[in-house]
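Novice: Questions regarding the structure given below will be posed in turn.
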Amino acid sequence: MSVDPARKPRNETEHERLDRQLMELLQGFRVATTGVQVLFAFLLTVPFSANFDTKVSDTGRALFYVSLFGAGLASVCFIAPVIQHRILFRLGQKALLIRRANRFGIAGAFALGISMTAATTLVVQALSDEAAAAVATAVVAVLLCGWAWFVQPYLTRRRAEEHPPETEGS
């Protein structure tokens with residue numbers, strides 16, 4: 011039986027594998043960081059909008075803070091691996107950097123999901139009613155961020171671990 015090319019081990023050294031993995035992680039962070047920075051910058055300007063204090067309820071203010079601090083935390087998480095890479099450059103710590111970057115990426119995604127959910131809820135609540143805000147919260151948090159970012163890849167990972175790839179000759 012032949013091995014699926016997508017599951018076939020790469021012909022690369024350990025050093026080449028670590029280089030590739032780090033570059034893949036950093037490229038993913040570049041994409042995520044841009045979106046987080048746009049959201050964060052927008053949130054930083056919102057309180058200076060006309061009548062922000064009078065138009066936003068206490069619940070809306072809480073949602074704003076959750077969104078603002080979530081975007082800030084996501085920014086820190088997505089930028090941290092790049093800074094750590096610069097500080098630890100040429101010290102032979104690439105495997106450690108990759109593990110940390112992966113953890114920072116997951117934490118950043120959680121923070122971003124919370125921030126996006128709170129911001130969406132705040133806007134929908136301001137433009138509509140509580141029921142619409144609740145639906146928006148559920149859709150963004152559960153269906154979009156929860157499913158696409160965490161549940162679906164987790165289920166795929168479990169299936170892959172339960173059915174490891176076949177190796178040639180077995």
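Letter by letter, the sequence shown follows residues 11 to 180 in the working numbering.
Backbone N, C-alpha and C define an ideal beta-carbon position, used for all residues, glycine too.
Keep in mind it's a predicted model, so treat the numbers as computed, not measured.
(1) Please go through the same chain and pick out, in chain order, the residues whose beta-carbon is closer than 7 Å to the beta-carbon of G118, but skip the five residues on each side of it.
(2) Using the C-alpha atoms, what's the distance from L54 back to Y75?
(3) Could you spell out where the alpha helix (DSSP H) holding H95 opens and where it closes?
(4) Quick check: the Cα distance between R96 and L73, rounded to an integer number of angstroms?
(5) Hey, how far is the Cα of G115 from the Cα of L32?
(6) Using only CA atoms, which one of A158, G156, W159 and M126 lies nearest to A143?
Specialist: To lay it out plainly:
(1) Sequence index remark: in the sequence shown, residue 118 carries index 108 (1-based). The beta carbon of G118 lies closer than 7 Å to those of A42, A84, C87 and F88 in the same chain, with the five residues before and after it left out.
(2) The residue given as residue 75 occupies position 65 in the sequence shown. The residue given as residue 54 occupies position 44 in the sequence shown. So the two alpha carbons sit approximately 10 Å from each other.
(3) Position 85 of the sequence shown holds residue 95. Start and end: D68 to I97.
(4) For this step, residue 96 is matched to residue 86 along the sequence shown. For this step, residue 73 is matched to residue 63 along the sequence shown. Those two C-alpha atoms are separated by around 35 Å.
(5) Indexing the sequence shown from 1 puts residue 115 at position 105. Indexing the sequence shown from 1 puts residue 32 at position 22. Taking the straight line joining both Cα atoms gives about 12 Å.
(6) By 1-based counting over the sequence shown, the position of residue 143 is 133. The residue with the shortest Cα to Cα distance from A143 is M126.
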